[in-house]
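In full-length UniProt numbering, the protein residues as written are 1 to 418.
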């Protein structure tokens, strides 16, 4: 499924939103909601055709062209007077009526948007329309998000991923009350939140697990076992070296389009509140697939060395994370070649096996090991899951590394599609 903004397929959604704003029994003379940025829209002179938006429809040879003139109001520290907002109610509703008429005409004729006399990018036109329908009561809550999206469009950061981001933003405006600060909801926290917004297509999306850290790109699995999974690790072709430093594992590396580690800081933010699941999917070189699910999954903070909690196992791959008393990855901190937190008294498991992982002393599983194309011998430093019998040939001692691995997480109480 591709969101085709070029054919104005988003117009029904926006038209519905306009109808809600237009006919809702609420007064525009509302006190400004307590947005954390505490910004308010400055008064706009009536009759100027500017402000929250203006629009006019013109017919040309049977084609409807909507000309949008949108100017975001200046920001002021002085709240609008109640009387002024009362006076403006009629003007705002009049503009909404004109905008709704334009959209309906466009839906019927398939016309184009124009801005300043020239046809504009349909993504930019939709953004302008969204800015236009935001009234004085909530524009200040969305101004930063609108500005950020406008900048992305100006830089031509559009295409398929840009369309997804814009759709998510438009949905967030219609779903959440304006009392929530824009930066708290401009990017969804995880793929489960994206799924709940109605986006159910597999793909790469922008998420922001931690509001104190920049947003990041993540692969979302919207199909497996109901969907809503945020992929945190992927191995598929050996193109990426997973023998990395503590800092690299903390920040993440690789690309969500291919092999990658999302980052331990992101794992902590994703699982910090509530209960979460971990799903591990494995594929060997004989096209055999198995999986392991841990219904109680959490990664602790860096101060706690990103300690792993992985309990309540189910699946058919075996519980390699709690294999035995000596090889129990559950409850172990993270170890890399430059940060030794394992229980191996005479060495560093991260150095010995060439990977960052929740080593014990040392392992019954290591999904960040070296990528081998089939059989190998010597140290068990491949992609290893010790409870899948086919990984080691008891007669020859040869070992098998997995062909594909994917680790993903979602909230435990997530309800997706069946």
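Idealized CB from N, CA, C, for every residue including glycine.
Own chain residues within Cβ distance below 7 angstroms of residue i, not counting five before or after
i	result
residue 250	263, 264, 265, 302
residue 343	360, 361
residue 327	360, 363, 364
residue 227	195, 200, 221, 416, 417
residue 351	337
Cutoff 6 angstroms; reference residue i; Cβ partners in own chain excluding five residues on either side
i	result
residue 309	298
residue 239	259
residue 358	308, 329, 332, 334
residue 280	292, 407
residue 387	318, 320
residue 339	246
residue 90	Reliability fails at residue 90, whose pLDDT of 46 lies under 50, so the model's placement of it is uncertain and the value that follows must be treated cautiously. For residue 90, where only same-chain residues beyond five positions count, there are no Cβ hits under 6 angstroms.
Alpha carbon of residue i to alpha carbon of residue j, nearest angstrom
i	j	result
residue 224	residue 411	14 angstroms
residue 356	residue 385	15 angstroms
residue 248	residue 335	12 angstroms
residue 367	residue 396	23 angstroms
residue 257	residue 312	30 angstroms
residue 221	residue 296	19 angstroms
residue 300	residue 306	5 angstroms
residue 347	residue 233	26 angstroms
residue 187	residue 325	42 angstroms
residue 315	residue 353	26 angstroms
residue 405	residue 231	11 angstroms
residue 268	residue 380	28 angstroms
residue 241	residue 208	25 angstroms
residue 286	residue 403	9 angstroms
residue 189	residue 398	43 angstroms
residue 341	residue 204	33 angstroms
residue 270	residue 278	11 angstroms
residue 414	residue 294	14 angstroms
residue 213	residue 237	30 angstroms
residue 276	residue 349	28 angstroms
residue 254	residue 244	11 angstroms
residue 272	residue 206	19 angstroms
residue 229	residue 193	10 angstroms
residue 282	residue 409	15 angstroms
Residues of its chain near residue i, where Cβ-Cβ distance is below 8 angstroms and the 5 sequence neighbours each way are ignored
i	result
residue 304	333
residue 383	235, 366, 367, 368, 369, 370, 371, 372, 401, 402, 405
residue 345	361
Integer-rounded CB distance, given that residue j should sit under 8 angstroms from residue i
i	j	result
residue 191	residue 218	7 angstroms
residue 284	residue 400	6 angstroms
residue 252	residue 261	6 angstroms
Chain C contact for residue i (CB, 7 angstroms cutoff)
i	result
residue 319	This model lacks chain C altogether; it includes just one protein chain.
Note to self: Would you call the region 319-338 in contact with the region 281-291, where contact means no fewer than 3 C-beta pairs closer than 8 angstroms?
What the structure shows: Output reads no: the region 281-291 does not touch the region 319-338.
Margin query: So, does the region 187-206 touch the region 370-389, judging by three or more C-beta pairs under 8 angstroms?
Written below: The region 187-206 vs the region 370-389: no contact.
Next item on the list: Give, in chain order, every unbroken run of the beta strand (DSSP E) that is at least 3 residues long and sits entirely within the region 307-331.
Entry: Runs found: 308-315.
Checklist line | Complete beta strand (DSSP E) runs within the region 227-256 (minimum length 3 residues, chain order) | finding: Correct list: 229-235.
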